[in-house]
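Just below is one structure, and these are the notes that go with it.
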Amino acid sequence: MQLLLKRLAKPVSQGAVAGVLCIYIALTGMMEAFGEREIVAGVLDLGKVVLLGPFVGLGLLQQQAPNRRVGWIRVLVACLAGIVATGLFILFIDAVSIRHMFTHASPALVAYMTMGQDALAAGLGLLAVAALAAGAVGFGLALIPAYLRNTIFMAALLVVGMALLSELISQVLRQILNGRPDRLLFSQGALRPAVAVIAAAAVFAWRGLAPRIRLRVQDRLPQLEPERQRQVSLAVRGAGVLVLLVLPWLVGSYLSEVLANVGLYLLMALGLNIAVGLAGLFDLGYVTNFAVGAYLMGVLTNSGPQATGEFNFWLILPVSILAAMFTGLLLALPVIRMRGDYLAIATMGFGEIIRLLALSDWLAPLIGGSQGILFIPKPSIGAFTFQTPQHLFYIILAASLVMLVVINRLDLSLTGRRWMAIRDDETVANAIGIDTTWIKTLAFTLSAASGGLAGAIFASKLGTIFPHSFSLLISMNVLCIIIVGGMGSIRGMVLGTLVLIGVPELLREFSEFRFLLYGILLMAVAIYRPGGLMPARARHYRTESAPQPAGGTPATSSSAASG
Amino acid sequence: MHLLELRDVRAAYGNLEALHGISLFVDEGEIVSLIGANGAGKTTTLRTICNLMSPTTGAVRFDGMDTRGAEVHELVGRGMVMVPENRGVFARMSVYENLLMGAYQRNDKDGVRADMDMVTGLFPRLGERMKQPAGLLSGGEQQMLAMGRALMTRPRLLLMDEPSMGLAPVLVDQIFEKVADISRQGTTILLVEQNARRALALANRAYVMETGRLTLEGSAANLANDPAVIEAYLGG
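Residue numbers (our numbering), protein chains in the order written: chain Z, 1220 to 1782; chain H, 1051 to 1286.
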């Protein structure tokens, strides 16, 4: 008896955790909100995915079972434990109203979780059956070969992704083709069942062929002459830029706006990456630079009550950048000797100071206090004004591309290496003769430039700025991008910005839970990919003038490719 | 004139005085060892010499210059460099990049390349591992890299903090041979060591340090035969 209990303790606790996860998702309101988003029309909605997902996970967890029979028993036990926990919760909120604390624990939630059945018992029974089936599917997935399992995951991801991005896909299709081609794929934002099947089948077909295709590309590129390789990479880059150029007209006004926001955050992430990613200086007050850029642009170009000069956008743009750099330099001076956590707290203080200064009555005559600055003109060249989000996208694209090039050069430079040296070990860097004070000040100052640029464009794009736009959250968001994307990795910044800023804007269901999801994502990244989604590449290949290894073999790449 | 001279140097961590008046000197071309037990103040002495800490009283003179107020990197520029305790390599940078960091203050590309060849000549293992991240090197190789990186600054005085720490005896032999090689190439060396036997075998002169004070000094050969030293540091 005791042995039996001991053996069942693990699946029971796993099941309880899954149940608690379900309850948590339900109480935050996510389940109900997601329930309104259909994935496959008439078949599956997102709420069911998060309701039954934990049970699939329970099945997958039993992969290590010694044999199938034990595995099935464990799946059964774990799912039952999860069902009991979830069921008790449903019975509880059905009997006792806890809505004054948890506003989402409503009859509607009970109805949703009991699959819309009238009788509670029937609903609970249906939920139990569905949960057991989900657990069985999970364990089934655990039993099949990994390649097949991954293919199934990819197919599921594609179907869910297509459904979630239905608006984007519809928009693009409508721009390219006449009529309403999107109606073939979607019905009210959900995939048509036939389309879902075809998409999944396409993934299977591609995964069947992929190993062969990939092998060919990987083998052939290094075999080309260096000159040809350069041409290929140039062509790829050219095509990328071309796509970016036509993008705003493909995706329409709303998504251009989203892309413009992504671009602004990318600028900030690239800038902060100099301080945090390269030099290892934890700056939690990055919003300071953004605010300085925005307010300078606002004050000097607006034609409202705070009008001061009404200068041209293009004239003030470099001034904003210089002002942000100067602020960066000023703020660097007092904190330059601080390290790690102390630096983070001090810089966080600066971020708050700048917001309070913007709010203060003292500066109100100049920068408007809580009234903000109004009537900031859009940028213009001659008679042409960058009025729509599509137009503004190009300014932000140009700024981002310039910053990408600049920061890529910095990353490769000797200065970049010095930053990395102080990141790895500041005392040693100092001991071998690196002027750490100067090199850290330089990191703060250059890092501020990009934030100022983003702020200036932000002010002009919005036309109005208010102090509450410059909260601590901006610093946090940018820092999250860097951590999720991969510290010190430029490609990681691009991916991180798309994931953290772009995707939540597209998925309106998620927007309410944005920071909850950020938290989950941050934890997942910290545990499973500590280097970020796209870690900075190891730097040992950079040996421009390094002597070849003594008696070295000609190339290591050939052995790697054949192995 | 001595290359390095400390006159009655006191240094403290907060209220806790760690050096109670140290006076020592190192002449051009010498190998001088500073031996003593854990916590005697050896590392503090080195940190004070290269200004990672400032003395509360007393003076440090390097090459005739009072080092008070000088920045650490200025002293490196004048030819004094430390090989830190526990190796201290930049783990995520390649061996090549680590060496390049040593040449931070130099503009003569040809000279840097020549010194790079000199370092790889002295430590062939580093030449073989130029492209590897320094963090993947073995302990002995990291010590060699830290020494090589310091040599890239073209020092006149090399301060070494416990180069044998945590290394296998066979590697310690190799490291001490390299120290002798470096000395033969004309670099003056101040060596801080717990491994008194080896340090005395290598050095011209030596100082013995106990709880923040120098208790004995003299030629290394004399100290190695001193009954008190034998009892306390050479294991009877």
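All C-beta atoms, glycine included, are put in the ideal place defined by N, C-alpha and C.
**Prompt:** Mind pulling the chain Z residues with CB within less than 7 Å of G1127(H)?
**Reply:** Simply G1652.
**Message:** For chain H, check one thing: does any of its Cβ atoms lie closer than 8 Å to the Cβ of D1644(Z)?
**Reply:** yes
**Asked** How should M1115(H) be labelled, buried or exposed, when 16 other C-beta atoms within 10 angstroms of its C-beta is the threshold for buried?
**Response** exposed
**Asked** Which residues of chain H have a Cβ atom closer than 8 Å to the Cβ of N1649(Z), listed in chain order?
**Response** Going along chain H in sequence order, the residues near N1649(Z) (Cβ under 8 Å) are L1102, V1122, H1123.
**Asked** Does the region 1439 to 1457 of chain Z come within contact of the region 1683 to 1699 of chain Z, defined as at least 3 CB pairs closer than 8 Å?
**Response** no
**Request:** Reducing DSSP to helix, strand and coil, say where I1417(Z) ends up.
**Result:** helix
**Prompt:** Is it true that the region 1215 to 1235 of chain H meets the region 1152 to 1161 of chain H, where meeting means three or more beta-carbon pairs spaced less than 8 Å apart?
**Reply:** no
**Request:** Output the boundary residues of the alpha helix (DSSP H) element that contains A1353(Z).
**Result:** 1339 to 1362
**Prompt:** How about L1207(H) and L1240(H): are their beta carbons less than 8 Å apart?
**Reply:** yes
**Item:** Within-8 Å CB hit, G1297(H) to chain Z
**Value:** In the structure as shown, chain H begins at 1051 and stops at 1286. Residue 1297(H) is therefore absent and cannot be evaluated.
**Request:** Can you have a look at S1669(Z) and say buried or exposed, based on whether 16 or more other CB atoms are within 10 angstroms of its CB?
**Result:** buried
**Asked** Within the 8 Å Cβ cut-off, does A1498(Z) reach chain H?
**Response** no
**Request:** Answer with yes or no whether the minimum CB distance from H1759(Z) to chain H is below 8 Å.
**Result:** Below a pLDDT of 50, predicted positions are generally treated as unreliable, and H1759(Z), at 43, falls in that range; no measurement from the model is reported.
**Unbroken alpha helix (DSSP H) run spanning M1259(H), endpoints** = Here M1259(H) belongs to no alpha helix (DSSP H); instead the beta strand (DSSP E) covers 1255 to 1260.
**Request:** Classify D1167(H) as buried or exposed, calling it buried when 16 or more other Cβ atoms lie within 10 Å of its own Cβ.
**Result:** exposed
**Request:** Please list the segments of the beta strand (DSSP E) lying wholly inside the region 1198 to 1282 of chain H, counting only runs of 3 or more residues, in order along the chain.
**Result:** 1207 to 1211, 1238 to 1243, 1255 to 1260, 1263 to 1269
**Item:** Contained alpha helix (DSSP H) runs [length at least 4] in the region 1619 to 1675 of chain Z, N- to C-terminal order
**Value:** 1633 to 1643, 1645 to 1650
**Message:** Considering only the alpha carbon of each residue, which of V1348(Z), M1712(Z), V1538(Z) lies closest to V1495(Z)?
**Reply:** M1712(Z)
**Prompt:** Using Cβ-Cβ distances below 8 Å, what residues of the region 1262 to 1276 of chain H are close to chain Z?
**Reply:** none
**Prompt:** Going along the chain, which residues of the region 1195 to 1206 of chain H sit with their C-beta nearer than 7 Å to a C-beta in chain Z?
**Reply:** R1199, A1200, T1203
**Segments of 3+ residues assigned as beta strand (DSSP E) that fall wholly inside the region 1087 to 1156 of chain H** = 1107 to 1112, 1130 to 1133
**Message:** I'd like to confirm the pairing. Which residues does DSSP put opposite E1183(H) in its beta bridges?
**Reply:** First, the amino acid is wrong: residue 1183(H) is Pro here, not Glu. DSSP links P1183(H) through a beta bridge to S1144(H).
**Item:** Close Cβ partners of P1134(H) (< 8 Å) along its chain, the five nearest in sequence each way excluded
**Value:** A1196, D1211
**Request:** Evaluate Y1243(Z) with the Cβ neighbour count: other Cβ atoms within 10 Å of its Cβ, from every protein chain shown; 16 or more gives buried, anything less gives exposed.
**Result:** exposed
**Asked** Mind checking whether L1650(Z) and L1500(Z) have CB atoms under 8 Å apart?
**Response** According to the sequence displayed, residue 1650(Z) carries Ala and not Leu. No; because the gap between Cβ atoms is not below 8 Å, this pair is not in contact.
**Prompt:** Taking Cβ-Cβ distances shorter than 8 Å, what residues in chain Z pair up with L1172(H)?
**Reply:** Residues of chain Z passing the Cβ test: none, with the nearest at roughly 14 Å.
**Separation of A1271(H) from R1255(H), as counted between CA atoms** = 8 Å
**Item:** Endpoints, beta strand (DSSP E) assigned at L1044(H)
**Value:** Past the edges of chain H, shown from 1051 to 1286, lies residue 1044(H), and the structure says nothing about it.
**Request:** In angstroms with no decimal places, state the Cα-to-Cα distance between R1118(H) and P1205(H).
**Result:** 20 Å
**Message:** Distance check for L1187(H) and P1768(Z), CA to CA, integer angstroms please.
**Reply:** With a pLDDT of 43 at P1768(Z), under the threshold of 50, the predicted position of this residue should be treated as unreliable, and no value is reported.
**Item:** Which residues DSSP lists as bridging E1067(H), in chain order
**Value:** A1062(H)
**Asked** Is there at least one Cβ from chain Z nearer than 8 Å to Q1224(H)'s Cβ?
**Response** Cβ-Cβ to chain Z under 8 Å: no for Q1224(H).
**Asked** Who are L1084(H)'s beta bridge partners in DSSP?
**Response** V1242(H), Y1257(H)
**Prompt:** If we call anything under 8 Å between Cβ atoms a contact, is R1637(Z) one with I1653(Z)?
**Reply:** yes
**Prompt:** Helix, strand or coil: how does DSSP classify V1076(H) here?
**Reply:** strand
**Asked** Considering E1444(Z), what are the terminal residues of the beta strand (DSSP E) in which it resides?
**Response** Per DSSP, E1444(Z) belongs to no beta strand (DSSP E) and is neither H nor E.
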